[in-house]
Structures are given as C-alpha cells and as structure tokens.
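Chains as they are written, first to last, in this note's numbering: chain G, 110 to 442; chain R, 110 to 442.
No residue lacks a Cβ here, since even glycine has one placed at the ideal position from N, Cα and C.
In this text the structure is predicted, and so the values were computed from the model without any measurement.
Read through the structure below, which is laid out as structure tokens, and then see the notes.
2 protein chains.
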Amino acid sequence: MSLSEFDLIEHYFKRTCTTENSGVAIGIGDDCAILDLPDGYQLAVSTDSLVCDVHFFADVDPYRLGYKALAVNLSDLAAMGATPKWVSLAITLPEMDELWLAEFSRGFFELANKFNVVLVGGDTTKGPLSITVSVKGIVPRGLALPRNNAQADELVCVSASLGEGALGLACKLNEHTVKNRQYFIDALELTEPRVELGILLRNLASSCIDISDGLTQDLRHILKSSNCSAKLELDKLPLSDLMREEIQTGSINEQSAYQYALTGGDDYELLFTISAANLAQLNKLIEKSEVTIPAISVIGFVTPLQQPLIQLFKQNEAVSFSLQGWDHFKGQI
Amino acid sequence: MSLSEFDLIEHYFKRTCTTENSGVAIGIGDDCAILDLPDGYQLAVSTDSLVCDVHFFADVDPYRLGYKALAVNLSDLAAMGATPKWVSLAITLPEMDELWLAEFSRGFFELANKFNVVLVGGDTTKGPLSITVSVKGIVPRGLALPRNNAQADELVCVSASLGEGALGLACKLNEHTVKNRQYFIDALELTEPRVELGILLRNLASSCIDISDGLTQDLRHILKSSNCSAKLELDKLPLSDLMREEIQTGSINEQSAYQYALTGGDDYELLFTISAANLAQLNKLIEKSEVTIPAISVIGFVTPLQQPLIQLFKQNEAVSFSLQGWDHFKGQI
C-alpha cells in the first residue's frame, strides 16, 4: 500500500510535543503553526536548503541527511545566540520510500529531541530530492549576536577544531587515504551545532558567525560588515589530535590541513570576536557548564580597516594562502 | 560577468524595509533574521514548496512564479486569520539566469509590497528548479482560526467563486477551448490570497481553511478534525459570470464546471464555518471595508457526524460526484 502525502506526515512527522513549554498552540495539521513567543523575546529564523548532488550524494545515508538538514539550521541559530524552539520541513522526494523516510525522520528527530525543537509544519512534494528546513528560535530582545559589531583590538576566536568536515568530504571523494577516515566523515555528516556556546556568547561576544563556507570567507562577512580587518596566526588554528596524527603519519601534508582549516567549510564551528576580559568570563562559564562545551581558541585579533582584509602570519612572518571559500554559483575559486 | 550567490541576494532580494513597523531588527545578510513580535501576539508560520513539473511548468513566466510562490503561502496565513509580516525564500536554480531572477523577484515583491511583507532571509542553491517559501505572520493570542472547531448547524461558506484555477490549468493543458482562456489562466497563476477576509474572520468564524487541494478534500479536513459532517447544495456553489458564460456557450458542460468547483483545487478561496448571526456581522464588515473583499456564498451547513462525511444535494435530491482532490503521491484519484 502506498502512503499518501497526508499519511506520510501522519506516520513519520507528527509527533506529540515532548516538552510542556514547547509554545506550540497549533502544530502540524493546520494551514499554519501558531506559536507562543514569551514577552520580551525576539524571533530568530533561518531557512536552508540541502539539494542532492550539491550538498549530499544521492546514496547518502538518510539518517545522516535528516540529522544534518537540521544541524546546519541549528548552527545558524547558535551563531545568533538564539535558543532553538520550532522547525518546519519541506521535503521533495522522487518517490515514496518508506524505509528512507523512516531513517530520515529518525535522524531528524534525534537532533530535534536533543535540543527540544518541535516540528511544527512541513510540506512534501514529488520531485528531485531536496530538503528545505526553516528553523525558529528565540532570543531575549536586543541580545542577538550580529555580524557587524566587531571592534579593533578584540580577539578573533573559534570553537573546537577546524578542517575536519572538509577532510571528511575529501575522504568521501577518495582524494586522500587516511587512518581515521570514518572519524572525518562523521565530522562532515554528524555536525554538532554549537547551540549552548551561542547562548553563553549572548552577553559577551561582539559579533558571531558559524563557519559553513570556510573560516576566511565567513570571517570576511564579519569584517566587511564591521568595517574592520584581522590578523590571524596560522599556528593558532586549532587542528584536532586526529588531524595532527594524519599529518605526522604523512597521510596528508601540513599545508593541506591548514588549507582545509582556512577555506574548507562544513565546520559549523562558531567564529566570534570578543574582548579579552569577556573571553576570560566565557571560559569560566564554559568550565562551570553542565553540558560539554568545546574549547575556544584565540586565532588572531581585529585591527582597524586595512588591505588585505585578512592577514595571515606564521611565527610573525606574513604568509599567503588562497583564501576563497565556497560559493554556490561560482564553485571553488 | 556571472553573479555569485552573495551578489545574487544583494542584487535581487536585499530590499530596504519599506515600513517603519516591519519588526525587522536584523534582516537579510546575517545567520538568522531577528524579528520583533508585539507582546500579546502569536506567531503563525507556514512553509510551502513549488517544484518544477509538479506545481509549474519549466517554461513558466518567472514573474508569475515569483508571485504565486508567495501567494500560496499568504493564503495559508489568511486561513489562520494572521497578518503577514515576514518571509524567507529558498531558491534552487539550474543555472544563474539574471533575466529570470529579475522577473521572479519582480513578481515576488509585487505581492510582498502589497501586503507589507518583508523578505528577511533566504538561500540560493544550484540544482533542479524549485522554490520553498516560509512565511510568518502574527495573530492576537487566542484568535487564530483553527480547523477543528466547526459546530453542527453552522453555515459552510466560501469566498468569491470556485473552479477557475482548475479550468485555467485545463486550458494550459489544452483540454478545453474556451472564450476567456487568459482570464482562467490568470486565476490559476495570479491567485489573490484572501488576507483581509481572514483578518475579518478572526472573531467570527469557528473554523477556516484555504482551498488548495479542492473544496471537498479541504472541507473534509475541517470535518474530520471537528468530528462533524456537512450537507452542500450544488446549485449554491459560486461560479463566476465568465464560468457561466463558458457553460452557456457550450465550451464546457455544466458537470465539468461543478467538478472543477468541487475537486479542482488551486482556488485559494477561504472555506469556513460560521453561525448565521456572525455571518450577518461579517457581511456588514465587508460592506464597510476600505479594501475590496470578495462576496461570501453560503454553500451548505454543518451536521452532526454521519456517513458520508459530505452529502451533496441538488434541489433537495442527493447527487453523487467523485469527491477526491489532489494528493501529491497518489495523484488525482
């Protein structure tokens, strides 16, 4: 028996709200969802599409696709310091495939449940495989983290480590043979949105963005809109122990590792600017936090506007790198 | 010179907010939009995809596609009684086509400006042509129009006239040769979302839905969730003067016209249940309204739950019709 559009939503996506404070007055099954926003809060919304053969391969594990479709959107909320609340999902599918949908929804809800995000609506259509997720969060009025407020002399910081998603993609494309292949593919596909860190940054960071297109490209967005420049120290870019192991065993050379860290994209770490005093306070909050929040690395500092916008140093010597990230219509340049 | 993804957003979609009360604290160009919701209001959100070869033909006029992608979403807000405020847009395009984008955005913004809806974010990706719009509106807390509150003895009403969008589609498929071909195609492609009517219905209607899948299918959604049934009078289904002209000149037969009105879909009229007293009040409000609001037709009444869920009468005699609307995975059945 084939499922209809309505059955599909009923079977795979209509879940009872698990939290009392979900704010869902009317959920799935009406023309719109109706959502309660606490007084004194602002709404944060982000919409992202994942398209087959662009963002993922046709044979992608549907569990991982469901997970990642939500993860990249939650990462946008994290970059604003917003608390995730609700999500809408539009799926276009070439054909009804119940096994695929069961796995997709399992991955989607695993992450949704982790962050108490409620699915409040959606749309299913027949056509070339693509997924559009629109996520909504809330943030106390006036505390959202903008891009355009970086100040000279502040520190440039990044969470966790860089370049692993990009190496994971290179592994999938068989461009490298590495020892920890599955670890890097997991970094690409099971991205951890830095939601708790974003919330801690609300009162502390002056600007913030999530690294989806590559460190230098995303930093440029901050710098351009803040009318500043930045100096980065190559040796301070955080590489994970497993990435360093791949360098030491010769699986990849150091230059490739830094290229992935600078321009690879798909990191979904938070990149932010912050004063030294506020960074000390942030580190105390991270230490006290009940959930695990990744370590913060200082990778450089903000300067008054100058050209080039980003200067790279290695042990006090200027170095040059191709600094372009990913652009969907121009491709890698 | 080809445009990059960022240029594209900058060129075609980044508009200055035209209204002072737009509520946009941070708009396009950051990770999320940050939106002010007035205290005491609830958020209404709806997400709809339009996919090439399913919802439109590849050679569609991009102006009309941009218009309709927003219109169908605004229609969902209208069906909740919500005031439209903000919209996000995800476009997947096979290739950068500036003329296409200029026309698409012209159609999109024509309707957005009409209803003071501000584009607050979006995403552009390379891939098979599809459009996903996520629209957000506000409604005073507790006044959203649900589906599940129809009561026995209330009237079943519908705005304007039915079946024109479906006849427009039949014309495009060359299934009919009619006199007023362009009029019906316009009805299909330049849908008027009934936003002002929805707002008037807030305190008056007990349930409401917009007719996208066909009158009977959408009425069934109301009846099922309200645990009611309905009796409809075929002769009371509103057909426009031009539709009647096509019947009189023999371009289409009467049975086809009623079939389109009952099951055709693509009407985007509001279908609602209301008490007789409240309907009288609604008609007074419509008369006094400064904007033109279409006439309301009473097409039947709600009964206690019985089978079949919808009974059709023609001059007091029960008649039978195929009552199925459109379902995306099963097709027309």
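Within-7 Å CB hit, residue i to chain G
i	result
Pro237/R	yes
Met189/R	yes
Gln151/R	yes
Arg303/R	no
Gln201/R	The sequence given here places Thr at residue 201/R; Gln does not occur at that position. Yes - at least one Cβ of chain G is within 7 Å of the one on Thr201/R.
Leu146/R	yes
Val160/R	yes
Asp375/R	no
Ala167/R	no
Thr382/R	no
Arg353/R	no
Ser131/R	no
Ser214/R	no
Thr372/R	no
For residue i, three-class secondary structure by DSSP
i	result
Val229/G	strand
Lys288/G	coil
Val181/R	helix
Ser243/R	strand
Asp170/R	coil
Val428/R	strand
Ser155/G	strand
Gly216/G	helix
Glu342/G	strand
Asp145/R	strand
Ser365/G	helix
Thr372/G	helix
Gly175/G	helix
Gln357/R	helix
Ser334/G	helix
Leu186/R	helix
Asp140/G	coil
Leu202/R	strand
Ala134/R	strand
Lys194/R	strand
Sub-7 Å separation of residue i and residue j beta-carbons
i	j	result
Ser338/R	Leu228/R	no
Cys317/R	Phe381/R	yes
Leu379/R	Leu306/R	yes
Ser158/G	Ala167/R	no
Val242/G	Ala178/G	yes
Val248/G	Gly323/G	no
Ile405/G	Ser268/G	yes
Leu186/G	Val133/G	no
Ser270/G	Ser184/G	no
Arg173/G	Glu298/G	yes
Ile331/G	Ala253/G	no
Thr156/G	Gly236/R	no
Leu313/G	Leu220/G	no
Pro413/R	Ala180/R	no
Thr300/R	Leu371/R	no
Cys161/R	Leu210/R	no
Any chain R beta carbon closer than 7 Å to residue i
i	result
Ile143/G	yes
Thr358/G	no
Gly307/G	no
Val154/G	yes
Ser429/G	no
Arg311/G	no
Val226/G	no
Val163/G	yes
Ala314/G	no
Supposed contact pair residue j and residue i - C-beta distance, whole angstroms, cut 8 Å
i	j	result
Phe64/G	Val304/G	Because chain G spans 110 through 442 in this model, residue 64/G falls outside it and cannot be assessed.
Leu278/G	Asp375/G	6 Å
His285/G	Ile361/G	6 Å
Ala275/G	Gly136/G	Actually they are not in contact, since the Cβ atoms of Ala275/G and Gly136/G sit about 38 Å apart, beyond 8 Å.
Phe213/R	Lys340/R	Going by Cβ atoms, the distance from Phe213/R to Lys340/R rounds to 44 Å, so no, they are not a contact pair.
Lys194/G	Val226/G	7 Å
Leu264/G	Ile383/G	6 Å
Ala188/G	Asp319/G	4 Å
Leu343/G	Val428/G	6 Å
Ile408/G	Leu346/G	6 Å
Ser321/R	Tyr369/R	Not really, about 14 Å apart at Cβ, beyond 8 Å.
Interface flag, residue i vs chain A, CB-CB below 7 Å
i	result
Arg329/G	No chain A is part of this structure, whose protein chains are labelled G and R.
Contact test: residue i Cβ vs the ligand SAM heavy atom, cutoff 6 Å
i	result
Gln357/G	Inclusion of the ligand SAM in the displayed structure is not the case, the ligand content being empty and no account of it being possible.
Those runs of the alpha helix (DSSP H) which lie wholly inside the region 257–329 of chain G and span at least 4 residues: 273–281, 290–298, 304–310
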